[in-house]
Amino acid sequence: MKVLFIVQGEGRGHLTQAIAMEDLLRRNGYEVVEVLVGKSNSRRLPGFFNRSIQAPVKRFLSPNFLPTTANKRASLSRSVAYNVMKLPTYIKSMHYIHTRIEESGAELVINFYELLTGLTYLLYRPAVPQISIGHQYLFLHRDFGFPAKSRCGLWLLRFFTRLTCIGASQKLALSFREMEDDERARIRVVPPLLRREVLS
Numbered sequence: 006m007k008v009l010f011i012v013q014g015e016g017r018g019h020l021t022q023a024i025a026m027e028d029l030l031r032r033n034g035y036e037v038v039e040v041l042v043g044k045s046n047s048r049r050l051p052g053f054f055n056r057s058i059q060a061p062v063k064r065f066l067s068p069n070f071l072p073t074t075a076n077k078r079a080s081l082s083r084s085v086a087y088n089v090m091k092l093p094t095y096i097k098s099m100h101y102i103h104t105r106i107e108e109s110g111a112e113l114v115i116n117f118y119e120l121l122t123g124l125t126y127l128l129y130r131p132a133v134p135q136i137s138i139g140h141q142y143l144f145l146h147r148d149f150g151f152p153a154k155s156r157c158g159l160w161l162l163r164f165f166t167r168l169t170c171i172g173a174s175q176k177l178a179l180s181f182r183e184m185e186d187d188e189r190a191r192i193r194v195v196p197p198l199l200r201r202e203v204l205s
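In structure tokens, the structure reads:
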């Protein structure tokens, strides 16, 4: 089976998970045909990713969070304003993602929490099945308990997470803790994706 990866390029977690998943799939006879990675002006693709991933890597512009002036955490207001201005660019990126899904010959798309993947499936409705993977999908699990923090912030987090997995036939929630699957939400709880180097 031919598989296409779409990876959120912010931070290193999703990139590392993609490396581990590619290794797992290749050892089980799958072919990863391409890896599409979201980029922005503030993101650089780490060297370890290019050295470790075997499939061809292609980049596209995607939304990102801007830091506060103190540079300690993401600024929601600045991020929303910046990304709204970039909407025409992101629409082009969605068209590019759809084109790569169609032209790569992929029979399955694995989405590592990239927002534009969900929006591409909403806008273009590709026929190729999609699986979304990330620890964030625990936030949508019926048994996951949030701490008593800002309700607005938690609602926004869940809303963003739902946008990333539009069109997904299955959501794989990565967790060290064992939990039952949430069939209604199409969430399967699976162990974290760890590179073999970590285990050795």
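The sequence shown stops at residue 205 when you use the working numbering, and every number in between is there.
The C-beta atom is built at its ideal place from N, Cα and C for all residues, glycine as well.
1) Using three-state DSSP, classify Ala60 as helix, strand or coil.
2) I'd like to confirm the pairing. Which residues does DSSP put opposite Gln206 in its beta bridges?
3) Rounded to whole angstroms, what's the CA-CA distance from Arg156 to Leu50? Just pull it up for me.
4) With 16 other CB atoms within 10 Å as the buried threshold, where does Val37 fall?
5) Once DSSP output is grouped into helix, strand and coil, what is the label at Gly150?
6) Closest by CA to Ile171, which one among Thr125, Met99, Phe53, Ala60?
7) Do you know how far the Cα of Asp186 is from the Cα of Leu145?
8) Can you check DSSP and say which residues form a bridge with Gly43?
9) When you compare only the Cα positions, how much space is there between Tyr118 and Asn33?
10) Going by C-alpha distance, which of Met26, Gly123, Val42 is nearest Gly16?
11) Need the endpoints of the alpha helix (DSSP H) that Lys97 sits in, please.
12) Between which residues of its own chain and Ile11 is the CB-CB distance below 6 Å, once the five residues before and five after are set aside?
13) Between the stretch 83-91 and the stretch 54-63, are three or more C-beta pairs nearer than 8 Å?
14) Please report the Cβ distance between Met6 and Leu113, rounded to the nearest whole angstrom; I am assuming they are in contact, meaning their Cβ atoms lie under 8 Å.
15) For Met90, count neighbouring Cβ atoms within 10 angstroms of its own Cβ and tell me buried if that reaches 16, exposed if not.
16) Bridge partners of Glu36, per DSSP?
In brief:
1) Residue state, collapsed to three classes: coil.
2) The displayed coordinates of the chain run from 6 to 205. Any statement about residue 206 would go beyond what the structure contains.
3) If you draw a straight line from the Cα of Arg156 to the Cα of Leu50, it comes to about 33 Å.
4) Result: buried.
5) Gly150 falls in the coil class under three-state DSSP.
6) Of the candidates Thr125, Met99, Phe53, Ala60, the one whose C-alpha sits nearest the C-alpha of Ile171 is Thr125.
7) Going by the C-alpha atoms only, they are around 11 Å apart.
8) Beta-bridge pairing links Gly43 to Phe65.
9) Taking the straight line joining both Cα atoms gives about 23 Å.
10) Per the Cα distances, Val42.
11) Per DSSP, the unbroken alpha helix (DSSP H) holding Lys97 starts and ends at 92-108.
12) Taken in chain order, the residues that qualify are Leu41, Asn116, Glu119, Thr122.
13) Judged by Cβ distances under 8 Å, the stretch 83-91 makes no contact with the stretch 54-63, as fewer than three pairs qualify.
14) Yes, Met6 and Leu113 are in contact; Cβ-Cβ is about 6 Å, under 8 Å.
15) Met90 counts as exposed, since fewer than 16 other C-beta atoms from the protein chains shown sit within 10 angstroms of its C-beta.
16) Per DSSP, Lys7.
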